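For reference, the structure is listed below as structure tokens.
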Amino acid sequence: MTEQIPTDQTKELPPGLQLEKVDDRIMTLNVGPQHPGSGHMRIIVRIDGDYIVDADPDPGYVHRGEEKMAEVRNYLLNIPHLERPVIHDSCNILYPYVLGVEDLVGIEVPERAKYVRVIAAELNRCVYTQYWLAIYGIFLGHSTMFMWPAGDRELMIDLLEKMTGARVTHSYFIPGGVRNDIPANFEDVCLRQVNYFEKRIKEYADIFYDNPILKARTEDTGVLSSQDAIRLGTTGSVLRASGIDYDVRVKEPYDVYEELDVHTNVLKDGDSYARSKIPWLDMLESCNIIRQALEKMPKSGSVRTKLKPNPKGVGNDEVYRRVESGRGAAGMHIISNGKPEPYRVKISPGSFRNLIALPYLLKGEKLGNMPAVYWSLNYWPVEADR
Amino acid sequence: MSSTDSKSDTSKEKPAPPKPAAEKPAPPKPAAEKPAPPKPEETLPAFEKELTDRIVNQFSGDAEVGYVKENRTRINVKKEKILDVAKFIKDQTPFDHAESVSGVDFPEDNEIEVVYHLGSYTDNRYSKQVLALSTRAPREDVPNPGNDSTKLPSLRDVFYSVEFHERECFEMLGVHFEGHPDNRRLLLPEDWADLPPLRKDFKNKGR
Amino acid sequence: MSVIAPKFRLAYFLKSIIDNIFWAIILVTLIGIPAIQIGLFYGDLPVIEGELLTAFLAFTWLFNPAMALPLVKSLIYSDLFRIAAFPGFGFAALIAAGTIFVERKMLAKLQLRVGPFYCGKIEGILQLAGDGLKLISKEIIIPAKADKPIFWAAPVLFVATAAAFVSLIPVAPGGWVVADLDVGLLAVFAVIGFFPIITVLSAWSANSKYPFIGGIRALHQMVSFEIPLILSLLGVVILTGTLNLSEIVESQHNFPWIIFMPIGAIVFFTAMLAELERIPFDLPEAESEIVAGWLTEFSGMMYGLVQLGSYVKLYAFAALFVVIFLGGWTGPVFWPPLDEQIITTGLEISSYTGDPFLTVSTPGLPLFDADPNEWILQKQGELQYTTGQLLISGVVWFVLKTIAVIFFILLPRGVFPRIRIDMLLHIGWYKLIGLSFVNIFIALGLLYSGILGPEGVF
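So, in structure tokens, the structure goes:
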């Protein structure tokens, strides 16, 4: 990033000594990428005393060009690497791509596969949210809240490993269904572990969400009003914490979400506390969804419709599909031109859309609030960089 | 996705804009959507049709319907009018935010297309709808991002949420958005001196 | 391909060893031995059993079982031993090491994990030693534009100040304290006042932004919490009428002051957490905001020294809490009086066959008694407890209470998130100072109503 700092023309600074304008009051902090409170990104923060006067997010440290890579691999080979932007939520980030390709080639997914997908997606949402919550805990200096979710996350990872064979990078969804059927006794194991998981995460309220210090610290910090949430185009938990009832699973249900009873968690406050609470409530909701899906799922049947080999690829078409990932609506714009490879794949993940709220919210906050505001945006730097 | 070849087998129901606005052939609608009408070529969804007609009629000659599908519509606008159309959409329709800004390079047409996917949070009837608002900028074979003719008016003042998306589009395709307050690089390293990487003539290494 | 020590030659290796031996011999003979002799010439040697202890005599007595105990005893009662070992730094460092181990294991249990586990086979008991070795062997990196002398001095000063703090804490009855001052409490406050200065010096000298912010935060925090810290102790001072810590402890032989001044104890505990930068108040080291605060630029053993100093400081504060509010070493004396036979003839240590030629008996075990004949007075009923009994049981009570306080200092780390600087200062300036004045008024009320105090009922 080239910084446009007006340099003092009259003053010759020794070369290599001063990279920025010397100012009596404003101090520039490079928060990241080696900073423990930044993730894989940099936030250039200017502080005046303890107050942040300017924040400039600088993502891109883990930009891997997924969109460019997708243009040279065919539709199926794209699956393993398009889930790389957020491996903790790999089913959900792959979901719009798979749905889009199914739209493009016009393939019908078996009913059982839809349920399996929903279960995998919700499990994966829990995996991601636990990881996110762990980091939110350690960002606020709460080390127990770092260890507990990181440990309980293993339950869901274990289930996903049983389903897909991989712990994090599942590559489970393919156009036409899922890669393989779930194991025989999966329903019982899943139900048991999900119930235990729900019991566990309800305990987080005691140690974290009802903690008076946490409440005093995060309530009324980084308040995003509902008008601003819409104007900034935020999504997911950030949007719902600001009082906007919008969940893609409910508003534009894909697969079998319309047959399930999905409750949208909405809080009115729009502060860091509400933003951090929504993903936790979503995890409880995910447990409900998984139980419903396990109940309604056809007990047997195909989980995959074979794609007919078509050397011509898919036709000239474009599609924009979106799903509700762990960080909000993840959209994919896929353009095909009749070749085996997509002409263009544009990923619009929730993280990237929420990033715009960061400089907006940080301005005027105290420096001590920076981790609370930053991580409450449900922002995953790797996904935003793609 | 040029309009030149490989289009013969796809049946289209309306005159093709420079872009492939073709409906899909026989296989009906997206699998995950609600039960779709069996022959989408015949009956366009009324709600979406009415929406696009409203916009296109307002700007007849400058805007045209790209496609009308269930929940998805597309309007192609000339680049001179994109700001006006965006303002009209912001003011007169419930679309209030941009979800995604895709830049697509079309070397055959010598153009770069920018597609804004607009969505609505405020109106429940529109919450399923995604309106793709696309425009095209001239493309130069030897790009000089920011200083060549590949320029578009920025929609940042209309849809605030396109700010980072347009910055990304600028660095990835070299489309300079005029009026954007912050036309800096976002994801690429600051010493990037190659072509804008999402252009088609930027070849992946080893491929 | 990497080769370890690519230019290794055996001859060079041997040469280097021989060189080192040569220089060691040269240095020892030319500098070491004269230095020892000069030291022996000028230093005061103890008088044991009526004889001046010379070096020759010391070596002789080392192998005389009858004289080993007096030798050890004279060592124990020397100033060096007090400063370096028992009530002073060594004891504090030992408890600090135990604190680190307990903290890691307790936090791990709280967080459903095992903590240090492999190093040392038994529950990772050697983890701390491993960490220390690692820190010692690491390279020390100093920022390019740092003010080097101050930057170097800061960790050493930190440890030294913590040790000075420790030296004021009385541990056991009978003057087991390095510096028994009449103004002990004032000296404690004076020593505490050094910590923010050292912190801000090291932060400033590092010439780096995060240490600077951390140092400023530490300065704010420590300075503003010193006031409630001092005020909360004034109640005890009013009631006891003394600043001497030993006398404050002696004043609590009936009941600890926490019974009458719980508010002061709470204020002191909270201010203590802030002074120690423990978890709800660890703003100067808040890692998600300012990397590691004022410790950011420290590396290697400099960091290790600061950590050592902070844990010694933790012990000292916990001990101060015990001394002032929990009655220090007071408690029932549980150590039994020694058997007469042990003192007169000594324990017989022999092989299992009872071979008389191998039997060794070591008389005179009342090692910790100030006067070795105290047991005779005790036998005659003129003395209730010997000083050795009082020392051992006093130390045990003191350590138990200190560990309990340390446990409560460690516990918030697993329970609370970090607080924010403005909330912290608000707590310090508004709530704690007000509460400590309430405590002072309670103390004054108790004093003037004649219930407590020098002329009180109790």
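In order, the protein sequences belong to chains A, B and C. Here the first sequence is numbered in the working numbering, starting from 1 and rising by one per residue. Here the second sequence is numbered in the working numbering, starting from 387 and rising by one per residue. Here the third sequence is numbered in the working numbering, starting from 594 and rising by one per residue. Cβ coordinates follow ideal geometry from the N, Cα and C atoms, glycine included. Note that the structure is predicted; figures quoted are calculated from it, not measured.
For Asn533(B), there is no enclosing alpha helix (DSSP H), as DSSP marks it with neither H nor E. In the three-state reduction of the DSSP assignment, Ile461(B) falls in the strand class, which pools E and B. DSSP places Glu66(A) in the helix class (H, G or I) of the three-state scheme.
For Arg697(C) and Glu716(C), the gap between their C-alpha atoms comes out near 11 Å.
Phe927(C) and His35(A) have their alpha carbons spaced roughly 54 Å apart. Per the Cβ contact rule, the region 886-895 of chain C is in contact with the region 803-821 of chain C (3 or more Cβ pairs under 8 Å). Assignment of Thr28(A) by DSSP, reduced to helix, strand and coil, places it in the strand class. At a Cβ-Cβ threshold of 8 Å, Leu761(C) and Ala772(C) count as neighbours.
Residue contact check for Glu252(A) against chain B: a CB pair falls below 8 Å.
When C-beta atoms of the region 352-372 of chain A are compared with those of the region 287-295 of chain A, fewer than three pairs fall below 8 Å, so the two segments do not count as touching. In this structure, Ile693(C) lies near Tyr904(C), with their beta-carbon atoms less than 8 Å apart. In the structure shown, Asp439(B) adopts helical secondary structure according to DSSP, grouped into three states.
Note on the region 523-587 of chain B: whole alpha helix (DSSP H) runs with a minimum of 4 residues are 549-559, in chain order. Per DSSP, the unbroken beta strand (DSSP E) holding Met332(A) starts and ends at 328-337.
Within chain A, not a single residue places a beta-carbon under 8 Å from that of Pro567(B); the smallest gap is close to 12 Å. Close partners of Asp875(C) in chain A (Cβ separation under 7 Å): Gly141. Taking CB atoms only, Ile174(A) has no neighbour in chain B less than 8 Å away. Per DSSP, the continuous alpha helix (DSSP H) segment holding Asp470(B) begins and ends at 468-478. Per DSSP, Ser325(A) is one residue of the beta strand (DSSP E) stretching across 316-325.
Look at the region 1009-1023 of chain C: the residues with a C-beta under 7 Å from a C-beta of chain A are Phe1009, Pro1010, Arg1011, Ile1012, Arg1013, Ile1014, Asp1015, Met1016. Within the same chain, Cβ atoms closer than 8 Å to the Cβ of Leu638(C) are found at Leu645, Leu646, Thr647, the five residues on either side in sequence being excluded.
Taking 8 Å as the cut-off, the Cβ atoms of Leu559(B) and His63(A) do not count as close. Here Pro96(A) has Arg321, Arg322, Val323, Ala330, Gly331, Met332 as same chain residues with Cβ atoms under 7 Å from its own Cβ, once five neighbours each way along the sequence are excluded. Taking a Cβ-Cβ cut-off of 7 Å, the neighbours of Lys514(B) in chain A comprise Lys251, Glu252, given in sequence order. For the region 800-820 of chain C, the set of residues with a beta-carbon nearer than 8 Å to any beta-carbon of chain A comprises Lys802, Tyr803, Ile806, in chain order. Taking 8 Å as the threshold, the shortest C-beta distance from Gly301(A) to chain B does not fall below it. Residue pairing by DSSP puts Tyr502(B) in a beta bridge opposite Val487(B), Leu519(B). Beta-bridge analysis with DSSP links Phe492(B) to Glu497(B).
The C-beta of Gln227(A) has fewer than 16 other C-beta atoms within 10 Å across all chains shown, which makes the residue exposed. Spanning the alpha carbons of Arg179(A) and Gly328(A) requires a straight line of approximately 25 Å. In the displayed model, Lys366(A) falls within a strand according to three-state DSSP. Burial state of Thr792(C) is buried, judged by a 10 Å Cβ sphere holding 16 or more other Cβ atoms.
Look at Arg344(A): its C-beta is under 8 Å from a C-beta on chain B. Sorting Leu913(C), Asn847(C), Leu1017(C), Leu1039(C) by C-alpha distance to the C-alpha of Phe818(C) places Leu1017(C) at the top.
Taking C-beta atoms as the reference points, Phe197(A) and Asp152(A) count as a pair closer than 8 Å. When DSSP states are grouped into helix, strand and coil, Gly177(A) belongs to the strand group.
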